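Heads up: the structure comes next, in structure tokens.
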Amino acid sequence: MILLRNLVYIAIAVYVLALLAAFVFQRKLIFHPGGLPKDFQFSLEDNANEVFLKTADGETINGLFYAGNRKDVVLYFHGNAGDLSSWQSVAVDFTPLGYNFLIVDYRGYGKSSGTISEDGLYTDAEATYQYLIQEKGFSPGNIIIYGRSIGTGVAVELARRHQTKGLILEAAYSSLTKLANEKLPFLLPSIILRYRFNNIEKINSVKSPILFFHGSEDALIPVSHTEELFKAFTGKKEKMVLQGADHNNIGSHLEYHHTLKRTLDAFFQ
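Positions 50 to 318 (the numbering used here) are the ones given, in order, by the sequence shown.
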């Protein structure tokens with residue numbers, strides 16, 4: 050009897066320690082930023098240049114701006130891992146079509162200063178939007194916001210604050226809390242999670258048309274999350290589920306590029 054009681058105590062202690070570790074280290078579990086030396090030189094085409102943007106709370110955000118011959122600009126928020134050196138290649142999905150393109154590293158990523166937080170990422174997004182408006186002279190009606198994976202939470206928050214030409218969400222989640230509950234329910238994420246990114250709660254505050262992309266075989270963020278968001282959103286919308294695509298290879302499917310080009314040319318016009 051004493052042995053059984055001790056085993057129960059040990060199990061409880063291990064569980065509490067697991068909860069504590071998940072709470073303390075959740076930033077490292079969710080975000081995997083790459084770091085770049087301040088003197089790192091990007092390999093850029095003639096139409097691109099490196100920019101540094103100041104945020105409202107005094108941080109410096111590193112970005113890459115690609116000039117195009119259209120009036121429209123795509124503002125891209127990347128996934129949870131890497132930095133601009135590994136993400137800058139996504140520009141080729143847009144620049145050959147003539148679009149201006151801006152991609153930034155969140156605070157704590159690459160050369161960007163600061164510490165990662167949900168509100169901090171929203172502040173970074175606002176700084177990039179204001180840069181396009183105030184420094185580059187774009188109007189809200191010429192800005193297309195694009196979010197991928199963790200970046201969909203950043204993109205939705207920015208899109209609900211500002212009505213722009215359109216919003217594109219790739220591999221979106223309904224909320225980080227729901228995703229964590231599906232993956233790690235025993236860690237009680239609805240209680241301990243500090244990063245919520247509640248897209249489902251915010252989606253109908255977005256007044257712009259939304260295009261959704263998701264891979265049918267996405268094991269990290271199941272396609273059911275995009276299905277839920279698509280069903281909930283009552284505005285103009287379109288959805289493309291790429292058969293056979295997983296979380297990381299949507300961009301390698303020709304159907305993605307065909308749909309992206311068609312949508313940029315027609316859906317958002």
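By construction, the Cβ of each residue, glycine as well, lies at the ideal position given by its N, Cα and C atoms.
The model shown is predicted, which means the values in this text are computed figures rather than measured ones.
Residues near residue i by beta carbon distance below 6 Å, same chain, minus five either side
i	result
T275	A221, F261 and H263
E94	none
Y195	V123, Y125 and I217
D154	N111, D132, L133 and S161
Cut-off 7 Å between Cβ atoms - residues of its own chain near residue i, not counting five sequence neighbours on either side
i	result
L279	Leu is not the amino acid found at residue 279; the sequence shown has Phe there. F261, K286 and K288.
K214	D121, G190, N191, I192, I193, S257 and F317
A208	I194, L216, V255 and S257
Residue nearest to residue i in terms of C-alpha spacing, selected from the options
i	options	result
S223	E250, K185, Y155 and V203	E250
N247	I299, G284, E219 and E167	E167
A105	N98, T177, S134 and K227	T177
L151	H211, S198, L309 and F101	F101
Y115	N149, H306 and F89	N149
D88	N297, R197, Y305 and E99	E99
N118	G147, K103 and D314	G147
Q212	K232, R197 and I182	I182
Where residue i falls: helix, strand or coil (DSSP)
i	result
L216	strand
I165	coil
R243	coil
G112	strand
E206	helix
K120	coil
Y58	Any reading at Y58 needs caution, since the residue's pLDDT is 49, under 50, leaving its predicted position unreliable; the model's value is listed next. Helix at Y58.
Y148	coil
E94	coil
G186	coil
Whole-angstrom C-beta distance between residue j and residue i, which should lie under 8 Å
i	j	result
N111	G159	5 Å
I199	G128	6 Å
D314	H296	In fact, because the Cβ distance is near 27 Å, the residues do not count as touching under 8 Å.
I252	A281	6 Å
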